[in-house]
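All letters in the sequence shown, in the order written, are residues 0 to 310 by numbering that gives the first Met the number 0. Where a beta carbon is used, it is the ideal one built from N, C-alpha and C, also for glycine.
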Amino acid sequence: MKYFSKEQLETLLPYADLIEALKKGFQEGGEVPLRHVHMVGDNSLLLMPSWQQDGMLGLKMTMVCPDNPAQDLESIQSTYILSDAVTGVPKAIMDGDELTCRRTSSASALASSYLSPKDASTMLMMGCGKLAEHLIKAHSAARDLKEIYIWGRRFETADKLAQRLNTELNATITAITSPEKYANICDIISCATYAKEPILKGKWLNLDKQQHIDLVGGFKFDMREADNDTMACADIYVDTFSGAYAEAGDILRPIAEKVITKEDIRGDFYDLVDKNFIKSHHHNTTVFKSVGTALEDLIAAKLAYETNETG
């Protein structure tokens, strides 16, 4: 059985390759039971399985440990186990954090490849945590981005990320202090925060312009990144209906407040990757809400394993 570290996954999972693998993986489909959540003292244990018949089976084990920062440790610790779905033989153990960041950002970029303007060249990144770098790089693999703006609650953190990415990407990356102006002019707006109240306002958008909004950060009912005005003026897509309707505050709260209905959700990943998919044109603005699914983990882990075997 092999072990893949964070550094190995960086090499084995280039964003462009993972975007294509996710497309093919959703076309193939797979089994994704509801995740199991257990309390271990004050910590949460999440178990997320997925498998493809006669193929591979994967299980991500995530511990959410709120007291870890006091010990200079990340509060979220993840491990991924990849096995043969027929024999049960373990094939690999992988760094779950890197796997999650890469599959999440590449899933957003896959949605963007269907929903954002094909000539998109500008992006606003709202949030400057661990996932922001991955989202910027993945979206840059899907669209030829020239100007990227980063906003965060702490300008110093956003500026540090912008300076580093300027040395790595063929784009001009700038940290900004206020997102309002850039939300009006950018082709793609990506949000990855733990916000409880909306950080993106619909009144900032340019409704005469094609814009794509990528909502990644919120994963519980009490979390919101886009306000009701944003959701009301957009064609909305999700990664999976089951995940969005189970816990996505950006979807469930505007439904509860009667701003949108379930019928306003135009489709999910299975619809997007269908060869007969036709983008809805009710609005110039599109929204993609990601909650995450274990199938994305499985596809990414399988790609890493197979690339290593053939490389």
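{"Item": "Tell me whether C190 sits in a helix, a strand or coil according to DSSP, three-state version.", "Value": "strand"}
{"Item": "Hey, out of G57, Q51, V85, L44, whose CA is closest to P65's CA?", "Value": "L44"}
{"Item": "According to DSSP, is G29 part of a helix, a strand, or is it coil?", "Value": "coil"}
{"Item": "Less than 9 Å separating the beta-carbons of Q7 and A303?", "Value": "yes"}
{"Item": "State the Cα-Cα distance for the pair F240 and K261, rounded to the nearest angstrom.", "Value": "10 Å"}
{"Item": "When you compare each of A141, V258, K202, G29 to G54 by their alpha carbons, which one comes out closest?", "Value": "G29"}
{"Item": "Measuring alpha carbon to alpha carbon, tell me which residue in S49, H35, L114 is nearest I277.", "Value": "L114"}
{"Item": "If we ignore side chains and look at the alpha-carbon of each, how far apart do R142 and I188 end up?", "Value": "13 Å"}
{"Item": "Are I147 and L109 touching if we call contact CB-CB under 9 Å?", "Value": "no"}
{"Item": "Check whether the region 243-250 and the region 217-224 touch, using three or more Cβ-Cβ pairs below 8 Å as the test.", "Value": "yes"}
{"Item": "In the DSSP output, which residue or residues are listed as bridge partners for F218?", "Value": "Note: F218 sits in no beta bridge, so no partner."}
{"Item": "With distances taken between CB atoms, is the gap from S289 to D213 smaller than 9 Å?", "Value": "yes"}
{"Item": "With I254 as the anchor, note down where its beta strand (DSSP E) starts and where it stops.", "Value": "Taken as a continuous stretch (DSSP letters only), I254 belongs to no beta strand (DSSP E), being part of the alpha helix (DSSP H) at 248-255."}
{"Item": "Buried or exposed: where does H35 fall if 16 or more other Cβ atoms within 10 Å of its Cβ makes it buried?", "Value": "exposed"}
{"Item": "Name the residue from E179, L144, T156 whose alpha carbon lies nearest to the alpha carbon of T171.", "Value": "L144"}
{"Item": "Relative to the C-alpha of L206, which candidate in A182, G216, E224 has its C-alpha closest?", "Value": "A182"}
{"Item": "Going by alpha carbons, who is nearest to A20 out of N275, R265, C232, R102?", "Value": "R102"}
{"Item": "So A174 is in the beta strand (DSSP E); what residue range does that whole segment cover?", "Value": "171-175"}
{"Item": "Closest to A231 by CA distance: which of G242, D238, V215, I250 is it?", "Value": "I250"}
{"Item": "Under 9 Å, do S77 and T99 count as touching if we go by C-beta distance?", "Value": "yes"}
{"Item": "For S77, which of helix, strand or coil comes out of DSSP?", "Value": "strand"}
{"Item": "DSSP three-state call for G310: helix, strand or coil?", "Value": "coil"}
{"Item": "Keeping to the same chain, check which residues put their C-beta closer than 7 Å to that of A140; ignore five residues upstream and five downstream.", "Value": "Y14, A15, I18, A108"}
{"Item": "Taking V286 as the reference, which of N42, I92, I235, G40 has the closest Cα?", "Value": "I235"}
{"Item": "Tell me the DSSP secondary structure of G266 in three-state form.", "Value": "strand"}
{"Item": "What ranges does the beta strand (DSSP E) occupy inside the region 18-63, keeping only unbroken runs of at least 3 residues that lie completely in it?", "Value": "35-39, 42-50, 55-63"}
{"Item": "Just reading off the beta strand (DSSP E) that L123 is part of, what are its end residues?", "Value": "121-125"}
{"Item": "Helix, strand or coil for T292, going by three-state DSSP, please let me know.", "Value": "coil"}
{"Item": "Compare the C-alpha of D273 against each of L12, F3, I175, K23 and name the closest.", "Value": "K23"}
{"Item": "Quick check on this structure: which residue in N275, T284, Y269 has the alpha carbon closest to the alpha carbon of F233?", "Value": "First, the amino acid is wrong: residue 233 is Ala here, not Phe. Nearest option by C-alpha distance: T284."}
{"Item": "Thinking C-alpha only, which one of A119, L134, K180, F3 is nearest M93?", "Value": "F3"}
{"Item": "For H211, name the three-state secondary structure that DSSP assigns.", "Value": "strand"}
{"Item": "Looking only at its own chain, which residues have a Cβ that is under 6 Å from the Cβ of D96, when we skip the five neighbours before and after it?", "Value": "S77"}
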